[in-house]
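Per this note's numbering, residue 16 is the first one in the sequence shown, and the count goes up by one each step.
Yeah, the Cβ is synthetic: ideal placement off N, Cα and C, and Gly gets one too.
Quick caveat: nothing in here was measured; it's all calculated off a predicted structure.
Report on the structure given below.
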Amino acid sequence: MKKILFLLLIIIPNYSFANTYIEQNLYGYKMKVIEYDISSLYNLKFIKSTQTDERSLKDLLQENNAITGVNGAFFCPGDYSFCKNKVGTTNNERIIEGEFFEGHEFTMNLPMFSIDKDKNSFIYQKDYINGDKFDKIYYGLSNWPLLLQDGNNMLQEYYDLSMIDNKMKVKGTRNFICNNKEKSKIYFGLVYSATIDELAGLLKDFGCSDALNLDAGLSTAFIYNSRYIVGPQRNIIDAIGIERDGLVVKDLNNLGEKITNIILKDIEKKSGKNKNTKRYKKNYDKLLSKYILSLEELRKNIYSKYSSDIFQTNIVGEKDIIGYKIDLNDLNSLKLVNLVNIVYSNLKAK
């Protein structure tokens with residue numbers, strides 16, 4: 016076992032820093048967030064499936080060379096009875112690499128979180144917000160409600176239009192995408208047990224300037240470095256993803272598959288000669304669990320080495336730890352942790 020796990024380390028030799036994962040409790044609300052720096056060697060992209068083809072977040076990311084991502088906008092899922100004849104459709108516009116896609120014959124004029132070719136982010140809404148910037152949009156994803164614009168809470172407009180339904184008024188998992196005031200960073204992720212009003216306030220205090228609500232509920236799915244940290248529950252039709260220059264997901268998956276097969280052969284060899292016995296099954300499960308635990312420990316060691324605590328000053332001026340963040344920037348360390356997660360996921364599926 017040690018020899019095979021050592022193989023993971025020598026294939027990709029160096030640790031260092033990479034994309035930022037943040038997990039914290041802000042005023043008692045748990046947040047899981049990806050921080051994307053537009054000056055980094057990463058590319059943030061919006062991803063769509065075919066018009067009526069629902070896919071897992073994992074498939075959408077892998078097919079687009081992305082390693083980290085979250086589900087996207089509202090759509091009509093196959094498990095809704097009233098969606099029977101329009102499964103996989105959406106009223107939300109998307110722009111993918113400059114190409115405009117309508118989601119349905121009836122397309123709403125919704126706010127769109129937009130990114131131009133220079134990675135600048137802004138909100139676009141025809142005739143209302145940055146109407147002259149449509150031709151500059153390289154990636155765009157529309158949804159509702161718009162939570163913040165230039166740091167201002169925008170929810171009252173949606174209440175006035177009766178676009179805040181009862182599901183939004185009760186506590187639940189809320190997904191979002193936003194940028195900071197300087198437009199140098201984009202954040203996406205989720206907040207647990209929050210109403211839509213609470214989400215808007217939390218994101219403002221988190222440091223968001225423009226913020227858009229995303230689909231949640233059973234659509235919620237979140238992958239960090241090729242591993243689900245939330246979900247999956249249902250297939251989706253679009254997503255937000257991050258890829259890294261110089262990292263080819265297909266090659267990494269192929270390598271992960273080879274290492275998985277080496278591990279499985281080792282487990283089979285050590286489990287006994289007769290695969291039909293209870294003893295063989297017991298030995299097999301025990302060895303498989305050991306490999307999975309070893310990979311968990313390896314991942315933990317990588318992340319802990321490059322983690323730092325997040326502090327918040329309390330009412331008496333003392334600093335409390337409210338969470339942590341993981342910074343991974345180097346291509347080699349990124350390949351290593353993704354490879355660990357790929358092999359881990361493969362073994363968990365056995």
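- Using a 10 angstroms sphere on the CB of Leu176, the tally of other CB atoms stays under 16, which defines it as exposed.
- For Lys350, the number of other beta carbons within 10 angstroms of its own is at least 16, and it is reported as buried.
- The residues Arg242, in chain order, have a CB closer than 7 angstroms to that of Ser360 in the same chain once the five nearest residues on each side in sequence are set aside.
- In the structure shown, the three-state DSSP call for Gly146 is helix.
- DSSP places Phe191 in the uninterrupted beta strand (DSSP E) bounded by Gly187 to Asn195.
- Ser157 is bridged by DSSP to Met127.
- Proximity to Lys305 across Lys293, Leu362, Phe237 and Leu214 peaks at Leu362, based on C-alpha coordinates.
- The distance from the Cβ of Asn190 to that of Asp230 is about 6 angstroms, consistent with a contact at the 8 angstroms cut-off.
- Within the segment 248-297, the complete beta strand (DSSP E) segments of 3 residues or longer fall at 253-259, listed in chain order.
- The beta-carbon separation of Ile201 and Leu59, rounded to 6 angstroms, stays under the 8 angstroms limit for a contact.
- The three-state secondary structure of Leu176, taken from DSSP, is coil.
- Between the beta-carbon of Tyr139 and that of Ile152 there is about 6 angstroms, and that keeps the pair under the 8 angstroms contact cut.
- Measuring C-alpha to C-alpha distances from Ser309 to each of Ser348, Asp335 and Val358 identifies Val358 as the nearest.
- Under the DSSP assignment, Asn40 falls outside any alpha helix (DSSP H), being part of the beta strand (DSSP E) whose first and last residues are Ala33 to Leu41.
- Using a 10 angstroms sphere on the CB of Phe326, the tally of other CB atoms stays under 16, which defines it as exposed.
- Judged by DSSP secondary structure, Asp52 falls within the beta strand (DSSP E) whose first and last residues are Tyr44 to Asp52.
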